[in-house]
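*Asks:* Going down the list, the sequences are from chains P and X.
Under my numbering, the very last position in the first sequence is 473; numbers go up by exactly one each time.
Under my numbering, the very last position in the second sequence is 473; numbers go up by exactly one each time.
There are 2 protein chains.
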Amino acid sequence: MNKNKDVAGEEQSGALMADVARLAGVAISTVSRALANPGRVNEKTRAKINAAARQLGYTPNAMARGLRVGKSNIVMIILPGSLYYGVSQIIPQVLQSINKSLIQGGYNLMIANLDRDEISERHILDLAFGGSVRGAIILSSKLPEVDGRSLAGSGLPIVSMLLDMSDAGLQSVVTNDREAVRDVTAELIRLGHRRFFYLAGPEDNYHDVERYAGVLEALGAAGLSEELVHRSGGQLDYQHGFDIGVQAADDFVQLTEKPTAVIATSDDMAISFVSRIQRTGLSIPDDLSVVSFDGSPVCEFSSPPLSTIEQPVEEMGRAAVDLLLDAIDQRQKAGKVRTVIRSKLILRESVAPPRS
Amino acid sequence: MNKNKDVAGEEQSGALMADVARLAGVAISTVSRALANPGRVNEKTRAKINAAARQLGYTPNAMARGLRVGKSNIVMIILPGSLYYGVSQIIPQVLQSINKSLIQGGYNLMIANLDRDEISERHILDLAFGGSVRGAIILSSKLPEVDGRSLAGSGLPIVSMLLDMSDAGLQSVVTNDREAVRDVTAELIRLGHRRFFYLAGPEDNYHDVERYAGVLEALGAAGLSEELVHRSGGQLDYQHGFDIGVQAADDFVQLTEKPTAVIATSDDMAISFVSRIQRTGLSIPDDLSVVSFDGSPVCEFSSPPLSTIEQPVEEMGRAAVDLLLDAIDQRQKAGKVRTVIRSKLILRESVAPPRS
DNA sequence: TTGTACGCGTTATCAA
DNA sequence: TTGATAACGCGTACAA
Numbered sequence: 118m119n120k121n122k123d124v125a126g127e128e129q130s131g132a133l134m135a136d137v138a139r140l141a142g143v144a145i146s147t148v149s150r151a152l153a154n155p156g157r158v159n160e161k162t163r164a165k166i167n168a169a170a171r172q173l174g175y176t177p178n179a180m181a182r183g184l185r186v187g188k189s190n191i192v193m194i195i196l197p198g199s200l201y202y203g204v205s206q207i208i209p210q211v212l213q214s215i216n217k218s219l220i221q222g223g224y225n226l227m228i229a230n231l232d233r234d235e236i237s238e239r240h241i242l243d244l245a246f247g248g249s250v251r252g253a254i255i256l257s258s259k260l261p262e263v264d265g266r267s268l269a270g271s272g273l274p275i276v277s278m279l280l281d282m283s284d285a286g287l288q289s290v291v292t293n294d295r296e297a298v299r300d301v302t303a304e305l306i307r308l309g310h311r312r313f314f315y316l317a318g319p320e321d322n323y324h325d326v327e328r329y330a331g332v333l334e335a336l337g338a339a340g341l342s343e344e345l346v347h348r349s350g351g352q353l354d355y356q357h358g359f360d361i362g363v364q365a366a367d368d369f370v371q372l373t374e375k376p377t378a379v380i381a382t383s384d385d386m387a388i389s390f391v392s393r394i395q396r397t398g399l400s401i402p403d404d405l406s407v408v409s410f411d412g413s414p415v416c417e418f419s420s421p422p423l424s425t426i427e428q429p430v431e432e433m434g435r436a437a438v439d440l441l442l443d444a445i446d447q448r449q450k451a452g453k454v455r456t457v458i459r460s461k462l463i464l465r466e467s468v469a470p471p472r473s
Numbered sequence: 118m119n120k121n122k123d124v125a126g127e128e129q130s131g132a133l134m135a136d137v138a139r140l141a142g143v144a145i146s147t148v149s150r151a152l153a154n155p156g157r158v159n160e161k162t163r164a165k166i167n168a169a170a171r172q173l174g175y176t177p178n179a180m181a182r183g184l185r186v187g188k189s190n191i192v193m194i195i196l197p198g199s200l201y202y203g204v205s206q207i208i209p210q211v212l213q214s215i216n217k218s219l220i221q222g223g224y225n226l227m228i229a230n231l232d233r234d235e236i237s238e239r240h241i242l243d244l245a246f247g248g249s250v251r252g253a254i255i256l257s258s259k260l261p262e263v264d265g266r267s268l269a270g271s272g273l274p275i276v277s278m279l280l281d282m283s284d285a286g287l288q289s290v291v292t293n294d295r296e297a298v299r300d301v302t303a304e305l306i307r308l309g310h311r312r313f314f315y316l317a318g319p320e321d322n323y324h325d326v327e328r329y330a331g332v333l334e335a336l337g338a339a340g341l342s343e344e345l346v347h348r349s350g351g352q353l354d355y356q357h358g359f360d361i362g363v364q365a366a367d368d369f370v371q372l373t374e375k376p377t378a379v380i381a382t383s384d385d386m387a388i389s390f391v392s393r394i395q396r397t398g399l400s401i402p403d404d405l406s407v408v409s410f411d412g413s414p415v416c417e418f419s420s421p422p423l424s425t426i427e428q429p430v431e432e433m434g435r436a437a438v439d440l441l442l443d444a445i446d447q448r449q450k451a452g453k454v455r456t457v458i459r460s461k462l463i464l465r466e467s468v469a470p471p472r473s
């Protein structure tokens with residue numbers, strides 16, 4: 118029954134349920150039950166079966182099971198664009214946290230990259246419609262949709278992470294971006310800052326929209342004009358955050374009326390911006406306060422240590438998986454489609470009152 | 118034949134080959150052939166079939182195919198320990214490059230975390246022996262092996278990346294760590310440095326062994342004593358590189374005879390080390406030269422910009438996938454089990470001759 | 001509590 | 001060139 122070449126008894130791989138059944142002297146179906154519903158089989162036969170299974174090094178065939186029950190045990194995570202714009206620093210943590218939670222639930226994690234071409238979109242749709250995956254977590258991206266098929270119409274449970282798509286009825290796990298930026302801007306205003314430099318990501322990016330809105334809200338609440346904030350970056354599409362910071366620094370030095378505080382939408386761009394600005398002889402925080410977004414560990418070791426709004430990625434990952442498994446098991450939490458995880462402002466030396 | 122509820126024709130998901138066959142007016146087997154071996158079917162019927170498939174939004178069921186042909190189209194990447202010690206900075210690039218290459222070859226990428234517990238080892242072995250995956254790329258880790266089953270004995274094609282396991286007969290894609298560190302150490306010696314501070318990772322870590330060996334080789338070649346290098350770190354098991362740098366800085370300040378050059382085995386630890394050292398009033402590179410390993414983009418924007426040995430991760434990823442696909446398709450390149458990709462020294466301001 | 005028999009959706013073999 | 005049919009390995013009615 119074992120079709121593998123039994124070369125010198127060395128190849129013990131590939132034992133089937135039938136092999137276990139024969140060795141244990143029972144029917145295949147009994148083995149199946151013993152493994153899946155241990156309660157519904159005599160204790161003694163179960164022991165025999167387990168012994169036989171162990172002896173043969175039996176491992177159930179996942180594809181056969183998946184085909185039979187019509188379900189896969191794989192969840193895919195859809196990662197955005199070529200350079201993971203805006204989330205590159207946190208990808209490893211996200212993957213780790215999601216994978217850990219998934220495995221506890223009996224699922225495996227498959228990676229899918231969503232680039233801006235039809236090929237990758239089609240690929241993801243094939244995964245969804247081909248029954249390969251049981252659910253999807255999508256990171257900071259829109260749902261792929263190409264020639265008639267759309268991920269939304271696949272019937273697959275989907276959870277959006279970082280990007281709020283609750284409007285489209287999609288379970289979404291997000292941080293309170295807008296509120297966090299509003300609060301930190303308010304704090305800068307309280308310290309006395311009145312001219313701001315906003316370091317944007319790509320313009321249509323969700324994070325950017327939310328975070329910029331937060332800045333404006335704080336200005337409005339303080340009765341300050343929106344004119345006080347100079348917006349830089351944003352014109353560049355999907356590139357390394359570091360490059361954005363470099364370009365923004367060039368932009369900054371040309372300003373005649375210098376802002377006294379910088380609000381950056383990612384740590385990457387804040388770091389490269391600071392590096393270039395310091396070369397021009399400006400000092401942080403004496404001449405310029407800087408605060409950014411992401412909470413990358415490296416911020417603690419910048420000079421000066423960088424204030425940043427930390428994204429609780431592990432918590433978000435766990436929440437996303439919980440929601441997904443709930444959806445898979447039809448345990449929908451009533452009504453709630455948006456889960457907001459609070460981010461945490463970490464104030465470090467890069468922020469101070471403006472020079473008088 | 119389509120078992121999905123056809124609610125108002127809205128649910129177009131789940132069309133089967135049988136559905137396509139009926140719509141095209143041919144047998145199922147003809148559809149299968151038309152899709153797999155387009156050459157072996159009449160052009161006209163093929164057109165009919167393709168039209169029908171498109172109309173129904175047909176997507177082949179991957180598990181059914183996998184079961185039938187006895188092969189999965191999934192490759193797993195085994196990532197090391199909880200914090201991806203020593204490779205955290207390059208994980209996103211590695212994943213992206215590997216995934217891209219795999220997809221071109223028709224494969225998908227699954228993630229497997231190898232923690233230091235039996236559970237994760239068993240999980241990986243289940244994936245291997247359960248036919249879920251077709252091959253594995255293992256990153257900087259040893260092969261899992263638990264109660265009789267071992268990944269090596271699974272018959273699965275495996276390629277090791279970053280960690281040289283060619284001794285065990287495993288295809289390995291590595292950088293010339295030792296040589297690179299030897300060269301950079303030689304350069305430091307040439308600049309006049311005579312006392313070195315070596316910032317180690319966990320002791321049994323492969324990278325560390327290789328890189329430290331490189332340091333010693335350079336010393337030996339210059340006729341210098343191994344006593345000239347102070348080794349720090351290494352006692353800490355699997356934690357953030359940043360922490361290692363912090364501890365090493367504490368270690369450094371206690372030294373009575375200060376080294377003039379630091380060789381760190383990862384960018385993370387170099388960055389945190391530099392940050393702490395600068396606080397004590399020492400200046401880099403005036404008082405201390407620093408060079409590290411990984412080539413993280415952030416190094417360019419440290420102050421001062423950090424010299425680092427860049428790992429060509431994308432090239433390594435491509436190479437690993439090429440080797441794996443060769444093995445899967447039985448196209449073994451004769452004899453060659455170790456592929457060395459040259460790393461590249463990027464010299465920046467953190468390195469200078471020692472203060473006279 | 002256990003065994004028999006069928007089917008999941010696809011590919012491969014064989015005949016037509 | 002096409003079609004009927006038998007697997008792939010497992011889970012699950014149903015019968016015993």
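Beta carbons are placed, not taken as given, at the ideal position from N, Cα and C, and that holds for glycine.
On a predicted model such as this, the values are computed, not experimentally measured, just so you know.
At what residues does the alpha helix (DSSP H) containing Ile306/P begin and finish?
*Replies:* Reading the first sequence from its first residue, position 189 is the one you call residue 306/P. Element bounds for Ile306/P: Asp294 to Leu308.
*Asks:* Where does Glu343/X land, buried or exposed, given buried means 16+ other C-beta within 10 angstroms?
*Replies:* Residue mapping note: residue 343/X aligns to position 226 of the second sequence, counting from 1. Around the beta carbon of Glu343/X, fewer than 16 other beta carbons lie within 10 angstroms, which makes this residue exposed.
*Asks:* Distance cutoff 8 Å, beta carbons only. Does Gly222/X sit that close to anything in chain P?
*Replies:* Looking up residue 222/X in the second sequence gives position 105. No, because no Cβ of chain P sits closer than 8 Å to the Cβ of Gly222/X.
*Asks:* Go ahead and label Ile254/X buried or exposed: buried means 16 or more other beta carbons lie within 10 angstroms of its beta carbon, across all protein chains shown.
*Replies:* For the purposes of this step, residue 254/X is identified with residue 137 of the second sequence, where counting begins at 1. Answer is buried; the Cβ neighbour count reaches 16.
*Asks:* Once the 5 residues before and after Arg328/P are set aside, which same chain residues still bring their CB inside 6 Å of it?
*Replies:* The residue you call residue 328/P lines up with position 211 of the first sequence. Closer than 6 Å at the Cβ level, and outside the excluded window around Arg328/P, lie Asp294, Val298 and Thr382.
*Asks:* What are the start and end residues of the beta strand (DSSP E) that includes Val158/P?
*Replies:* Against the first sequence, residue 158/P aligns to sequence position 41. Premise fails: Val158/P is in no beta strand (DSSP E) and is neither H nor E.
*Asks:* Who are the neighbours of Asp243/P on chain X, taking C-beta pairs under 9 Å?
*Replies:* Position 126 of the first sequence, counting from 1, holds the residue named residue 243/P. Residues of chain X whose Cβ lies closer than 9 Å to the Cβ of Asp243/P are, in chain order, Thr176, Pro177 and Ala179.
*Asks:* Tell me, please, which residues DSSP counts as bridged to Ile380/P.
*Replies:* The count along the first sequence starts at 1 and reaches residue 380/P at position 263. The partner list for Ile380/P (beta bridge, DSSP) reads Tyr315/P and Val408/P.
*Asks:* In this structure, does DSSP put Met134/P in helix, strand or coil?
*Replies:* Numbered from its first residue, the first sequence carries residue 134/P at position 17. In the structure shown, Met134/P sits in a helix (DSSP, three-state: H, G or I).
*Asks:* On the CB-based measure, 16 or more other CB atoms within 10 Å of its CB, does Arg393/X come out buried or exposed?
*Replies:* Within the second sequence, the letter at position 276 stands for residue 393/X. It is buried - the Cβ of Arg393/X has at least 16 other Cβ atoms within 10 Å.
*Asks:* What three-state label does DSSP hand Glu427/P in the structure shown?
*Replies:* The residue you call residue 427/P lines up with position 310 of the first sequence. Of the three classes helix, strand and coil, the one that applies to Glu427/P here is strand, per DSSP.
*Asks:* Taking only beta-carbon positions, decide if Phe246/X is within less than 8 Å of chain P.
*Replies:* Taking the second sequence and counting its residues from 1, one reaches residue 246/X at position 129. It does: the Cβ of Phe246/X has a partner Cβ on chain P nearer than 8 Å.
*Asks:* Report the start-end ranges of each alpha helix (DSSP H) in the segment 170-258 of chain P that is 4 residues or longer and not cut off at the edges.
*Replies:* 179-186, 208-221 and 235-246
*Asks:* Thr425/P to Met180/P, Cα distance in whole Å?
*Replies:* Within the first sequence, the letter at position 308 stands for residue 425/P. Within the first sequence, the letter at position 63 stands for residue 180/P. If you take the alpha carbons of Thr425/P and Met180/P, they lie about 45 Å apart.
*Asks:* If you measure from the beta carbon of Val148/P to each beta carbon in chain X, is any gap under 8 Å?
*Replies:* Residue numbering aside, residue 148/P sits at position 31 when the first sequence is read from its first letter. Judged by the 8 Å Cβ criterion, Val148/P is not in contact with chain X.
*Asks:* Could you name the residues of the same chain whose beta carbon sits closer than 7 Å to that of Ile207/X, not counting the 5 residues immediately before and after it, in chain order?
*Replies:* Translated into the one-based positions of the second sequence, residue 207/X becomes position 90. Around Ile207/X: Asp411, Gln428 and Val430.
*Asks:* Can you check whether the CB of Gly248/P is closer than 8 Å to the CB of Asn178/X?
*Replies:* If you number the second sequence from 1, residue 178/X lands on position 61. If you number the first sequence from 1, residue 248/P lands on position 131. For Asn178/X and Gly248/P, yes; Cβs fall inside 8 Å.
*Asks:* In this structure, how does DSSP classify Leu464/P when only helix, strand and coil are distinguished?
*Replies:* The sequence position of residue 464/P within the first sequence is 347, counting from 1. Leu464/P: coil per DSSP, three-state reduction.
*Asks:* Can you confirm whether the segment 330-338 of chain X touches the segment 387-404 of chain X when touching is taken to mean that 3 or more C-beta pairs between the two stretches lie within less than 8 Å?
*Replies:* no
*Asks:* Let me confirm a value: Thr377/P is counted as buried when at least 16 other C-beta atoms fall within 10 Å, else exposed. Which label applies?
*Replies:* Start at 1 with the first residue of the first sequence, and residue 377/P comes out as number 260. Residue environment analysis places Thr377/P among the buried positions, since at least 16 neighbouring C-beta atoms fall within 10 angstroms of its C-beta.
*Asks:* So is Asn167/P in contact with chain X if we call contact Cβ pairs under 8 Å?
*Replies:* Sequence index remark: in the first sequence, residue 167/P carries index 50 (1-based). Closer than 8 Å: no.
*Asks:* Residues of chain X with a CB under 7 Å from the CB of Phe418/P: which are they?
*Replies:* One-based indexing of the first sequence puts residue 418/P at position 301. Those are Phe359, Ile388, Ser389 and Ser392, listed as they occur along chain X.
*Asks:* Along chain P, which residues have their Cβ under 7 Å away from the Cβ of Val415/X?
*Replies:* The sequence position of residue 415/X within the second sequence is 298, counting from 1. The contact set of Val415/X on chain P, defined by CB atoms closer than 7 Å, consists of Ile388 and Val415 in chain order.
*Asks:* Return the CA-CA distance between Thr373/P and His347/P, expressed in angstroms with no decimal places.
*Replies:* Translated into positions along the first sequence, residue 373/P becomes position 256. Translated into positions along the first sequence, residue 347/P becomes position 230. C-alpha separation (whole angstroms): 12 Å.
*Asks:* When DSSP builds the beta bridges, which residues end up paired with Glu262/P?
*Replies:* Here residue 262/P refers to the residue found at position 145 of the first sequence. Beta-bridge partners of Glu262/P (DSSP): Ser267/P.
*Asks:* Below 8 Å CB to CB, which residues in the same chain sit around Thr162/P once its five sequence neighbours on both sides are set aside?
*Replies:* Mapped onto the first sequence, residue 162/P falls at position 45. Ala141, Val143, Thr147 and Ala151, listed in sequence order.
*Asks:* Could you tell me which chain X residues have their CB closer than 8 Å to the CB of His324/P, listed as they occur along the chain?
*Replies:* Position 207 of the first sequence, counted from the first residue, corresponds to residue 324/P. Near His324/P there are no residues of chain X at all, since even the closest Cβ is about 17 Å away, more than 8 Å.
*Asks:* Indicate whether at least one CB of chain P lies closer than 8 Å to the CB of Met227/X.
*Replies:* Looking up residue 227/X in the second sequence gives position 110. So, interface residue.
*Asks:* Could you tell me whether the Cβ of Arg266/P comes closer than 8 Å to any Cβ of chain X?
*Replies:* Locating residue 266/P in the first sequence gives position 149, counting from the first residue. Answer yes: the Cβ-Cβ gap between Arg266/P and chain X drops below 8 Å somewhere.
*Asks:* Under three-state DSSP, which class holds Ser277/P?
*Replies:* Numbered from its first residue, the first sequence carries residue 277/P at position 160. If DSSP states are grouped into helix, strand and coil, Ser277/P belongs with the strands.
*Asks:* Would you kindly report the start and end of the unbroken beta strand (DSSP E) that includes Gly358/X?
*Replies:* Counting from 1 along the second sequence, the entry for residue 358/X is found at position 241. Looking at the DSSP string, Gly358/X is not in any beta strand (DSSP E); the run it does join, the alpha helix (DSSP H), is Gly358 to Val370.
*Asks:* Against chain X, with Cβ distances strictly below 8 Å, would Ile195/P count as a contact?
*Replies:* Walking along the first sequence from the start, residue 195/P turns up at place 78. Chain X contact via Cβ: absent.
*Asks:* Return no unless some Cβ of chain P is closer than 8 Å to the Cβ of Gly350/X.
*Replies:* On the second sequence, residue 350/X is found 233 positions in, with the first residue counted as 1. No - not a single Cβ of chain P is within 8 Å of the one on Gly350/X.
*Asks:* According to the neighbour-count rule (16 or more other Cβ atoms, all chains shown, within 10 Å of its Cβ), is Gln221/X buried or exposed?
*Replies:* As a working mapping, residue 221/X is identified with position 104 in the second sequence. Per the 10 Å Cβ criterion, exposed.
*Asks:* Just the Cα atoms here: how many angstroms apart are Val263/X and Ile241/X?
*Replies:* One-based indexing of the second sequence puts residue 263/X at position 146. One-based indexing of the second sequence puts residue 241/X at position 124. Approximately 10 Å, taken between the alpha carbons.
*Asks:* Would the beta-carbon of Ser257/X fall within 8 Å of that of Pro197/X?
*Replies:* Stepping through the second sequence from its first residue, residue 257/X is reached at position 140. Stepping through the second sequence from its first residue, residue 197/X is reached at position 80. Yes; because the gap between Cβ atoms is below 8 Å, this pair is in contact.
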